[in-house]
Amino acid sequence: MGCIFLRSFITLAFCCLIVDAKGAIYLTTKNGTFPITLTSFKSHESVAGRATPKILSTTAKNLSRDVEYWDERSDALLSSFVNDTYEDIESNEWKLNQKRSINDAVSKNITLVLENLLKNYENSQLPTHGKGYPTVVQTNILIRSMGPVSELDMDYSMDCYFRQYWRDTRLSFLGPIRSLSLSIKMLERIWRPDTYFYNGKHSYVHTITVPNKLLRISQHGDILYSMRLTIKAKCPMELRNFPMDRQSCPLILGSYAYSNQQLVYQWQNSQSVNFVPGMTLSQFDLISFPYRNFTFTRREGDFSVLQVSFNLQRHTGYFLIQVYVPCILIVVLSWVSFWIHREATSDRVGLGITTVLTLSTISLDSRTDLPKVRYATALDWFLLMSFFYCIATLLEFAGVHYFTKVGSGEIVIDDSEWEDLIEEVGGDAFAARQLAVRRRSSTRSSANFNFPATSDEQESTELPNPPTEHTAVRLTMERTTQTEVRVPRWRQLLYCLAGDDQYRRQRQREAGNRGHINSVSHIDKAARVLFPASFALLNLFYWLIYAFANDTFAWSDNPISTLSH
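Numbering-wise (this note's numbering), the sequence shown opens with residue 17 and increments by one.
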């Protein structure tokens, strides 16, 4: 009996209940669809208040076709199941209808509120028009990103949320809603401040996917107007200490048409300018960002203005790697010529010219992103110092070549002597030069070994082994270097600077007669010490002056006038 009853209940549980549009309920089984009558069904309020008996009446004879054993207990179970289901359906519908009715009422109320607020509203007049005091606009900025900062154009860019707050009592209202978030189309129907950026170059509002603006009105008429902006503003830069410089980039905003008697701007609080956490700049460190209010006087009157200054410290790592270290290495490379033999003229000249051209390339490349200012920057001074040392290396070799490069084996022949040699050999230049070499060699031999004999030396020639003391002394005297001169040194320097060709030829003849070739010049020896020492000393002074002498940031008396240049 119990199994049959359970089977019958399960069969009924899987039946489908159908409710038509008129509210009638039908029970669908495998044998057909049967109407069900709810003889006692109360409203939602009565159901919630107390338990109401639910009676389900069906056609017994139709139901007996499906269920063999059907009694009052089965009838009660089916009645409870169907009535509970119908109660849930009615409860959900009641909640949805109640919510729709509230939303419709609120919507109608907001529409009525806005229509009443804007009925006699004049959007061309300030909120405090005719009240004797100015309208106050409070401002704050949340900066999302900043950069790039361009030295060439002297400007910077930033992406920010720009918010303005003011009170317009004409838009105050009463009701259960504390604030209204309105469409941006309402901006055309209400008054809003004519804020603009004094030093702005190109600013725009983001419009993807819709214009990024927000308008919110509270019960008391407090208005929040927020927008997302990308601002490109001027930044007057002083580049004398570049790239160890500090820059202060201002952002100045105010009203375009209203004087401070009509409209006053204020920063909202102590956190009016803020940054998104983790924001960084590629070339600068943000040291500070002070802000202030001040009054700007122009021909139309006095205007309330807000200013925030972004104080930046430049990173020098890029310039150390790309400019300073290569320049130092190139200058050191040019000193290699001091250890190259002074007879290798092409090697030393080629090395000097190569270093100069390389420095020229680095100098031009480092100036591509800098404006053509009227003064020299710190980087320019360093490049000029490097140029000076590379060119001084070339000039040093020119002095070595001109002043001390004598006795190098070259045959010095006068014009008259050359003509005589040409006539002797019949016009052959090569044969004439070979003849001059042979004659000069014989002259050197006689000068070194056939000395004029004194009275003591004539007596010694009779001995089988003549003494060689005087001969050794004479040879030593003849093999002294070119620095042994009969002309004073200061006069030699004057002859060198004046380019005295006669003195040069005289020196070459004297060295040629001695037959001695110098290995290392005294100028090269001095340059090996003086060039590195002086360069290191100048570098020390350079970095002490520019790296540790940083300017302090200060407010300008009239910052807007400096932006007009």
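The beta-carbon is built from N, C-alpha and C at its ideal position, and this holds for glycine as well.
- Nearest in C-alpha terms to residue 276, of all of 399, 163, 350, 209, is 209.
- Closest in alpha carbon position to residue 258, among 312, 328, 289, 234, is 328.
- Secondary structure of residue 568 (DSSP, three-state): coil.
- Within the DSSP secondary-structure output, residue 266 pairs in a beta bridge with 325.
- For residue 405, there is no enclosing beta strand (DSSP E); the residue is found in the alpha helix (DSSP H) stretching over 394 to 415.
- Sequence-distant partners of residue 540 (beyond 5 residues in either direction) whose C-beta falls short of 7 Å from its own C-beta, in its chain, are 354, 358, 416.
- When only Cα atoms are considered, residue 390 and residue 406 end up about 25 Å apart.
- Residue 289 places its beta carbon 8 Å or farther from that of residue 150.
- Under the three-pair Cβ rule at 8 Å, the region 341 to 350 does not count as touching the region 315 to 329.
- Taking C-beta atoms under 8 Å as the contact rule, residue 143 and residue 183 qualify, at a distance of about 7 Å.
- The shortest CA-to-CA distance from residue 134 to any of 170, 251, 188 is the one to 188.
- Straight-line spacing of the CA atoms in residue 252 and residue 310 works out to 20 Å.
- Counting along the chain, the unbroken alpha helix (DSSP H) around residue 509 starts and ends at 505 to 514.
- Between residue 307 and the set 157, 445, 545, the nearest pair of CA atoms involves 157.
- Of the candidates 162, 266, 504, 162 places its Cα closest to the Cα of residue 293.
- Proximity of the region 164 to 174 to the region 185 to 203 falls short of the contact definition, fewer than three beta-carbon pairs being nearer than 8 Å.
- For residue 163, the enclosing beta strand (DSSP E) begins and ends at 151 to 166.
- Along the length of the region 278 to 332, whole beta strand (DSSP E) runs at least 3 residues long occupy 279 to 283, 289 to 291, 300 to 304, 307 to 314, 317 to 330, reported in chain order.
- Closest in C-alpha terms to residue 408, from the list 368, 131, 168, comes 368.
- When beta bridges are read from the DSSP output, residue 175 appears opposite 161, 246.
- Bounds of the beta strand (DSSP E) holding residue 233 are 229 to 234.
- Residue environment for residue 352: exposed (fewer than 16 other C-beta atoms within 10 angstroms of its C-beta).
- With 16 or more neighbouring CB atoms inside 10 Å of its own CB, residue 215 falls in the buried class.
- Burial state of residue 394 is buried, judged by a 10 Å Cβ sphere holding 16 or more other Cβ atoms.
- Taking a C-beta distance under 8 Å as the contact criterion, residue 242 and residue 137 do not qualify as a contact pair.
- One alpha carbon belongs to residue 434, the other to residue 373, and they sit about 41 Å apart.
- Only residues of its own chain outside the window of five on either side were considered, and among them 363, 364 have a CB closer than 7 Å to the CB of residue 356, listed in chain order.
- Residue 504 counts as exposed, since fewer than 16 other C-beta atoms from the protein chains shown sit within 10 angstroms of its C-beta.
- Residue 239 is bridged by DSSP to 182, 233.
- Per the coordinates, the alpha-carbon of residue 265 lies some 20 Å from the alpha-carbon of residue 211.
- Our two residues, residue 506 and residue 512, have alpha carbons roughly 10 Å apart in a direct line.
- Residue 216 is bridged by DSSP to 249.
- Bridge partners of residue 211 according to DSSP: 271.
- As DSSP reads the structure, residue 221 sits in a beta bridge with 245.
- Beta-carbon to beta-carbon, residue 237 and residue 321 are separated by about 26 Å, too far to satisfy the 8 Å threshold.
- Spatial neighbours of residue 140 in its own chain (CB-CB distance under 8 Å, excluding positions within 5 residues in sequence) are listed in chain order as 207.
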